[in-house]
Amino acid sequence: MKDEISYLAYLVGWKIVGWLPEKTAYSLFKRLAHYMYSKNGKSVRRLRTNYSVVSPNLSPEELENLVVAGLESYMRYWCDTFRIHTWSPTRIQNNVTTTNDHFLRNPMKSGKGVVIALPHSGNWDHAGAYFCQEGIPLVTVAEILKPKKLFEKFLDYRQQMGFEVLGLDARAFVTLIKRAREKRLIALVADRDLSSSGLEVNFFGKTAKMPAGPAVLAIKEEIPLVVAHVSYTPSGIHIDFHEILPPLAGSDEERIKETVQMIASTFEKGIAIHLEDWHMLQRIWIDEGIYS
443 MKDEISYLAY LVGWKIVGWL PEKTAYSLFK RLAHYMYSKN GKSVRRLRTN YSVVSPNLSP
503 EELENLVVAG LESYMRYWCD TFRIHTWSPT RIQNNVTTTN DHFLRNPMKS GKGVVIALPH
563 SGNWDHAGAY FCQEGIPLVT VAEILKPKKL FEKFLDYRQQ MGFEVLGLDA RAFVTLIKRA
623 REKRLIALVA DRDLSSSGLE VNFFGKTAKM PAGPAVLAIK EEIPLVVAHV SYTPSGIHID
683 FHEILPPLAG SDEERIKETV QMIASTFEKG IAIHLEDWHM LQRIWIDEGI YS
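Using the numbering used here, you'd call the opening residue of the sequence shown number 443 and step up by one each time.
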């Protein structure tokens with residue numbers, strides 16, 4: 443019953459928010475962000491803790507202002523999600539700026555696949571739609587949500603933008619290897635993996651766990667690895683690309699572990715500059731006492 447209510451709530455959101463005037467819709471979601479802050483639920487407390495780890499020298503007032511800004515950014519992402527199907531191709535293209543996108547474009551032009559690692563920052567769906575519109579085939583992985591109908595709705599939403607979306611299960615990585623050999627662009631959100639397969643990294647001076655997938659694909663399939671950080675601008679998003687060069691020496695296990703650390707260190711740079719756009723409302727560090 444709870445799953446069915448969740449599905450209906452999202453469905454209503456897609457219908458109504460897409461129908462509302464734009465200014466009204468974004469104003470509503472901004473108010474929802476402030477309501478979330480006033481309730482100070484578990485996700486808000488985790489966001490506050492995560493921001494305090496990244497920026498430990500903030501005053502209490504500065505930290506609270508940052509939490510509010512982070513929640514506003516987070517709810518802007520959800521308003522975008524419910525409205526992007528109403529956006530014209532011109533709007534999707536014209537509201538994106540990039541830095542160093544040659545790290546992605548040049549290998550694709552030369553017939554190579556590329557794996558992109560991203561943190562949970564800004565609107566990565568908008569970034570994906572931008573490249574799909576430019577004829578760059580994109581593959582990604584998504585957590586299988588409950589109920590199944592909700593997952594299928596998100597699947598359809600991303601497929602309409604041109605993505606190929608794989609459910610996060612045991613078969614996904616095999617398909618990603620196949621797509622890498624087909625010279626596709628593989629985009630993976632990769633700043634959190636608390637499962638047993640996640641690799642420990644030093645992240646803002648504390649221990650976190652991140653997925654090995656992007657590093658494994660780049661090393662095993664010998665394709666370029668790029669970190670993309672997405673941040674919000676007043677009218678859209680900016681994507682900042684950074685090339686990651688995996689080490690050549692050592693065992694595969696050592697090279698993968700070092701590469702995941704390189705990804706984490708590159709994530710730090712973008713997150714520190716645009717902290718309010720890092721939508722990490724979950725646990726990420728595994729050190730004892732951080733979230734107590």
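Built from N, CA and C at the ideal position, the CB exists for glycine as well.
Are residue i and residue j touching if we call contact CB-CB under 9 Å?
i, j, result
"K595", "W461", "no"
"I686", "V672", "no"
"V454", "F471", "no"
"A559", "A632", "yes"
"V643", "I698", "no"
"P549", "I726", "no"
"N536", "G647", "no"
"P579", "R626", "yes"
"V538", "I681", "yes"
"V607", "L597", "yes"
"E710", "F645", "yes"
"N565", "R518", "yes"
"V702", "L630", "no"
"E624", "G555", "yes"
In terms of DSSP beta bridges, what is residue i paired with?
i, result
"I715", "Partner(s): none; I715 has no beta bridge."
"I628", "V557, V581"
"H476", "None, per the DSSP bridge assignment."
"E685", "V668"
"E642", "K651"
"I705", "According to DSSP, I705 bridges with nothing at all."
"Y674", "I679"
Exposed or buried, which one is residue i when buried takes at least 16 other CB atoms within 10 Å?
i, result
"A660", "buried"
"K551", "exposed"
"R600", "buried"
"C463", "Inspection of the sequence shows that residue 463 is occupied by Pro rather than by Cys. When all chains shown are included, P463 counts as exposed."
"M443", "Because M443 carries a pLDDT of 49, less than 50, the predicted location of this residue cannot be relied on, and the following value inherits that uncertainty. M443 is exposed by the Cβ-count criterion."
"D719", "buried"
"I715", "exposed"
"R473", "exposed"
"N482", "exposed"
"H684", "buried"
"L618", "buried"
"S515", "buried"
"N499", "exposed"
"N492", "buried"
"V616", "exposed"
"P689", "exposed"
"T708", "buried"
"D567", "buried"
"A691", "exposed"
"Y477", "exposed"
"P502", "exposed"
Closer than 8 Å: is that where the CB of residue i sits relative to any heavy atom of the ligand ZN?
i, result
"I665", "The model depicted lacks the ligand ZN and carries no ligand whatsoever."
With a cut-off of 8 Å on the beta carbons, I'd call residue i and residue j a contact; round off their distance for me.
i, j, result
"G640", "P656", "Between P656 and G640 the Cβ distance is about 13 Å, and since that is not below 8 Å, they are no contact."
"A571", "I526", "7 Å"
"C521", "Y468", "5 Å"
"E576", "A622", "Between A622 and E576 the Cβ distance is about 20 Å, and since that is not below 8 Å, they are no contact."
"S563", "H721", "7 Å"
"I713", "A650", "Not confirmed; about 12 Å, so no contact."
"C574", "F605", "6 Å"
"R547", "L723", "With 8 Å as the limit, R547 and L723 do not qualify as a contact, their Cβ atoms being about 33 Å apart."
"L636", "V496", "Not really, about 18 Å apart at Cβ, beyond 8 Å."
"A475", "L513", "4 Å"
"L610", "Y452", "Incorrect: roughly 19 Å between the Cβ atoms, too far for contact."
Over what stretch of residues does the alpha helix (DSSP H) that includes residue i continue unbroken?
i, result
"Y733", "Segment: none, Y733 is in no alpha helix (DSSP H) and carries neither H nor E."
"H562", "Run containing H562: none; DSSP gives neither H nor E here."
"G609", "First-last for G609: 605 to 609, but that is the beta strand (DSSP E), not the alpha helix (DSSP H)."
"T523", "502 to 525"
"T491", "484 to 496"
"T617", "614 to 623"
"G570", "566 to 575"
"R725", "Note, R725: premise wrong, no alpha helix (DSSP H); not H, not E."
"H721", "Neither: H721 is in no alpha helix (DSSP H) and is coded neither H nor E."
"K588", "Per DSSP, K588 belongs to no alpha helix (DSSP H) and is neither H nor E."
"R547", "544 to 551"
Would residue i pass as an interface residue toward chain D - the criterion being a Cβ-Cβ separation below 9 Å?
i, result
"T532", "Reference to chain D is not applicable here, since this structure consists of a single protein chain."
Residue range of the beta strand (DSSP E) that residue i falls in?
i, result
"T539", "538 to 541"
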